[in-house]
Structure formats: structure tokens, C-alpha cells
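The block underneath contains the structure these notes are about, expressed in C-alpha cells.
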Amino acid sequence: MYMSAERLALANQAVKNTFAHCSVAWQAFPHWDTGDPSQTMVPNDSLTTLANVPLQLEHVDFIVSLAQAVAPTPDEVLELVNAATVKLAAKVDAAVFPALYPAMTLATTVHIPWWPTTQQLLTGLIEARAKVENGGYRAPSCLVTDTIGLHYLAGSTIATGNSGTDVLLPPANINSLHRVNTLAPITALDVRGWLLGRRQRIAHGGAAGASPGEEAADLAVSVLPSLEVVGATGNNINLRVRIRYVTRVKDRRGLVVIRVP
0 MYMSAERLAL
10 ANQAVKNTFA
20 HCSVAWQAFP
30 HWDTGDPSQT
40 MVPNDSLTTL
50 ANVPLQLEHV
60 DFIVSLAQAV
70 APTPDEVLEL
80 VNAATVKLAA
90 KVDAAVFPAL
100 YPAMTLATTV
110 HIPWWPTTQQ
120 LLTGLIEARA
130 KVENGGYRAP
140 SCLVTDTIGL
150 HYLAGSTIAT
160 GNSGTDVLLP
170 PANINSLHRV
180 NTLAPITALD
190 VRGWLLGRRQ
200 RIAHGGAAGA
210 SPGEEAADLA
220 VSVLPSLEVV
230 GATGNNINLR
240 VRIRYVTRVK
250 DRRGLVVIRV
260 P
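When we follow numbering that gives the first Met the number 0, the leftmost residue of the sequence shown carries the number 0, and every step to the right adds one.
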């Protein structure tokens with residue numbers, strides 16, 4: 000035993016908490032815990048084409064010295080655990096949103112101009128709202144964009160001078176706004192955002208606690224964010240933070256991709 004059970008439990012809880020706080024995908028999509036850590040495939044539950052899809056392991060390895068592992072306080076270990084978990088969250092976010100793109104069609108796409116006016120941006124967001132609501136997703140939606148998209152929103156103003164984030168989101172029935180670095184595959188650089196329709200009322204960042212069965216997309220997870228002790232090498236202990244999951248688009252009518260021409 001390289002670390003006490005108490006310290007391992009503390010580090011594992013730190014992984015769960017940090018991942019929940021740092022991963023936009025975890026905050027924006029409900030997740031289905033399969034309950035079987037050895038599971039390697041799950042049904043995609045698609046309304047159009049049923050199939051089984053493989054679960055992917057994502058991980059970040061790091062090293063803790065024996066001195067850090069047995070130190071009087073767990074502070075140094077937790078600092079390393081948190082740093083690795085932040086990297087894991089970034090890797091998951093960079094993979095989840097591009098995974099939505101192949102399911103999209105012209106019917107689930109909204110176009111806005113480059114550097115749109117306030118009216119053009121509002122028109123596009125309302126059009127996106129109409130698309131998900133016509134698919135039965137009438138609860139407040141979640142908007143995920145990148146830095147450029149955030150500039151679009153924040154830079155838009157109305158006559159009173161209020162920021163677009165204050166006046167554009169309510170008419171589009173959006174109660175949650177997130178920013179990520181990667182929205183789509185490298186071949187689709189014109190994607191500026193995703194509107195995630197909801198059937199449940201989900202607070203900002205609270206999708207992890209929502210039921211996945213009612214939503215258009217979710218994360219199927221067989222290994223929840225957790226810590227793994229790999230083994231010892233010399234005076235160090237190799238540790239790993241990991242998650243095994245797959246992104247599932249079950250009903251593309253509940254998603255809208257926002258693109259520029």
C-alpha cells in the first residue's frame with residue numbers, strides 16, 4: 000500500500016469535485032452511469048439509427064514522490080491531483096463537442112453572419128430556439144460557444160447600452176451560457192456555437208444531476224472521474240486520473256449547430 004486508504008479516498012473525492020467544476024461537458028450534459036466499470040460498449044439509443052458504440056478511456060498520468068505521499072498533510076498530493084484533473088477535463092471537453100457534429104443536418108443548423116449585428120444575432124438565436132422547441136425541447140436551453148462567439152454576445156448592445164448577454168439570451172429561452180475552446184472538428188471551423196435543447200429544467204452547470212433519459216444528448220460513463228494507482232517506479236508513485244465514456248446524440252432535433260457562412 001503506497002498511500003493510506005484515507006488519503007486515497009480524499010484524493011479520489013478531489014478528482015470528482017475538480018472535474019465537476021472544470022468540465023463544461025460534465026456541466027452541460029447529463030450522464031448515464033452504466034454501473035459496470037468493465038463495460039466497453041453501450042447502445043447509442045439513437046432515434047434514427049440504433050447501434051452499439053465503444054466507450055473511450057481518457058486519462059492523464061502524473062507522478063507523486065513517496066515523500067509527498069506520506070507527508071503529514073495531503074496538500075501537495077491534492078495539488079498534483081487537481082492539476083491532472085484540470086487537464087483531464089480539458090481533454091474531455093475538446094472531444095465531446097466535436098463528437099456532436101457528425102449527427103447534424105441542414106435542419107439542425109442556423110447561420111449567422113460574421114460579426115453579426117445585435118438584430119442578426121437575436122434572429123439567429125430565436126431561430127435556434129424554434130428548432131429545438133419544435134422537436135419537443137421547450138425547457139430553457141444551454142448555449143455553448145467559443146471565445147469569438149462570446150465576443151459576439153458581449154459586444155452586441157441595444158440602445159440603452161446593455162450588454163448582449165443580458166438582453167439576447169432571454170428571448171432565445173437560454174438560461175445557461177458556457178465557453179469552450181473546441182466546438183467542432185478541424186474541418187468545421189465555421190461553427191460558433193451549440194444550442195442544447197432541454198426537456199427538463201436544468202440550472203446552469205447542473206446537468207450532471209439531471210436524468211439523461213429525457214435529453215437529446217448525454218454522456219454514457221462506465222468509469223466515473225476517479226483516481227487510479229498504477230504502481231511504483233523508484234521513489235515515485237505513478238498515478239492516473241481517468242474516465243471512460245462516450246458522447247451519445249440520441250435525438251438530433253434537440254441540438255442546433257450555429258455557424259457563420
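Note that CB positions come from ideal geometry on N, CA and C, so glycine has one too.
These numbers were taken from a predicted model, which means no experiment stands behind them.
Check your understanding: What span of residues does the beta strand (DSSP E) with Gly192 cover, start to end?
Key -> Val190 to Arg197
Practice item. Kindly identify the DSSP beta-bridge partner or partners of Ile111. Key: None; Ile111 has no bridge partner.
Point to revise | Under the three-state DSSP convention, the category Asp165 falls into | key: helix
Check your understanding: Out of curiosity, what's the CA-to-CA distance linking Thr39 and Pro53?
Key -> 6 Å
**Study point:** Which listed residue (Val228, Arg239 and Ala219) has its alpha carbon closest to that of Val41
**Key:** Ala219
Review point. Looking only at C-alpha atoms, which of Leu168, Lys15, Asn174 and Leu7 sits nearest to Ala202?
Key: Asn174
Practice item. Assuming Val14 contacts Trp113 (C-beta within less than 8 Å), just tell me the rounded distance between them. Key: At roughly 40 Å, the Cβ-Cβ gap does not stay under 8 Å, so Val14 and Trp113 are not in contact.
Point to revise | First through last residue of the beta strand (DSSP E) which encompasses Asp74 | key: No beta strand (DSSP E) contains Asp74, which is instead part of the alpha helix (DSSP H) from Asp74 to Leu99.
Exercise for review: Would you mind stating whether Arg191 and Gly148 have Cβ atoms separated by less than 8 Å?
Suggested key: yes
Point to revise | Length of the line joining the Cα atoms of Asp74 and Val228 | key: 18 Å
**Study point:** 7 Å CB neighbourhood of His30 in its chain, flanking five on each side removed
**Key:** Ala207, Pro211, Asp217, Leu218 and Val220
**Study point:** Val143 beta carbon less than 8 Å from that of Ala127
**Key:** no
Review point. With DSSP run on the structure shown, which of helix, strand or coil describes Val69?
Key: coil
Exercise for review: Compute the Euclidean distance between the alpha carbons of Ala106 and Arg251, then round it to the nearest angstrom.
Suggested key: 9 Å
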